[in-house]
Amino acid sequence: MITMALSKGRIFEETLPLLRAAGIEVQEDPETSRKLILPTNRGDVRVVLVRATDVPTYVQYGGADLGVAGKDVLLEHGSSGLVQPLDLKIARCRLSVAVRDDFDYAAAVKQGSRIRVATKYTQVAREHFADKGVHVDLIKLYGSMELAPLTGLADAIVDLVSTGSTLKANHLVEVETIMPISARLVVNQTALKTKVERIGPLIQAFESAIAP
Ligand code: PRT
Ligand code: MG
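In terms of the working numbering, the sequence shown is residues 16 to 227.
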């Protein structure tokens, strides 16, 4: 049996065409089903639904043989026990610094002020600001970061941006792009060796189906 960990929503939706290209049809819709383990048309492949941030954990410890996770999630989790053979180029967005539209970020940086930054991505944010020599106090959040600058909790946020409409709706502006983000295929290091005859062809089928 091959177990693949996916998160509901955009990762699941955008992985479906890749699975289809590998001849795998998921037989239940996660939006209507309450099942957490979804069968497929292939008796030897099943999909487990987990939180996006739990995908690398499942794959690392062998709760799943492989999975799909955003680069943002993988950078925070670390890559121990995981192999990342493919950039699937799905669920694309960027990790950016944003501030309230009335906050002069450039001036604050130039003056060497300490900037309060709220984010779920503390590892990546710490590295980014250290590289730039910007002094920051990081505030870890788990929910909507967009609220932090509006309430005075923080001067800036580090968050994912795709269309930019969430920032705009909250009077925030993007002041720096940290890096482009897309979802990766992650495989358990041991499973890649012990189940190579099943996982190898899957990786190849995914690779051929990746959008250019
Ligand atoms: O939402 P939930 O709490 O269940 O979990 P999650 O947010 O971890 O999962 P999900 O499905 O929302 O995101 C899974 C992965 O999709 C992320 O890890 C990213 O790699 C990728 N992805 C791509 C995004 C976006 N685009 C995205 N736009 N993840 C989140 N967003 C959010 C962003 O955080 C912001 O709140 O959408 C908002 C911005 O969108 P725009 O279009 O208004 O700019
Ligand atoms: Mg989300």
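Ideal Cβ placement from N, Cα and C applies to all residues, glycine included.
Between the CA atoms of residue j and residue i - distance to the nearest angstrom
i, j, result
"Leu64", "Val83", "11 Å"
"Asp151", "Tyr120", "Looking at the sequence provided, one finds Val at residue 151 rather than Asp. If I take the Cα positions, the gap works out to 12 Å."
"Lys23", "Thr55", "16 Å"
"Ala140", "Met19", "30 Å"
"Asp59", "Arg213", "9 Å"
"Asp117", "Val188", "9 Å"
"Met194", "Val176", "11 Å"
"Lys125", "Met160", "24 Å"
"Thr181", "Val211", "42 Å"
"Lys86", "Arg129", "28 Å"
"Pro216", "Leu156", "40 Å"
"Val70", "Gly77", "11 Å"
Beta carbon of residue i nearer than 9 Å to that of residue j
i, j, result
"Gln75", "Leu200", "no"
"Leu110", "Asp174", "yes"
"Glu191", "Val112", "yes"
"Ile26", "Ala106", "yes"
"Val202", "Leu97", "yes"
For residue j and residue i, believed in contact at Cβ under 8 Å, the rounded distance
i, j, result
"Pro45", "Leu53", "7 Å"
"Ile154", "Ala169", "6 Å"
"Ala220", "Ala37", "4 Å"
Cβ shell of residue i (< 7 Å), same chain only, five flanking positions each side left out
i, result
"Glu222", "Leu101"
"Ala133", "Ile154, Leu156, Met160, Ala163, Leu168, Ala169 and Ile172"
Own chain residues within Cβ distance below 8 Å of residue i, not counting five before or after
i, result
"Leu31", "Val41"
"Glu43", "Lys50, Leu53 and Pro54"
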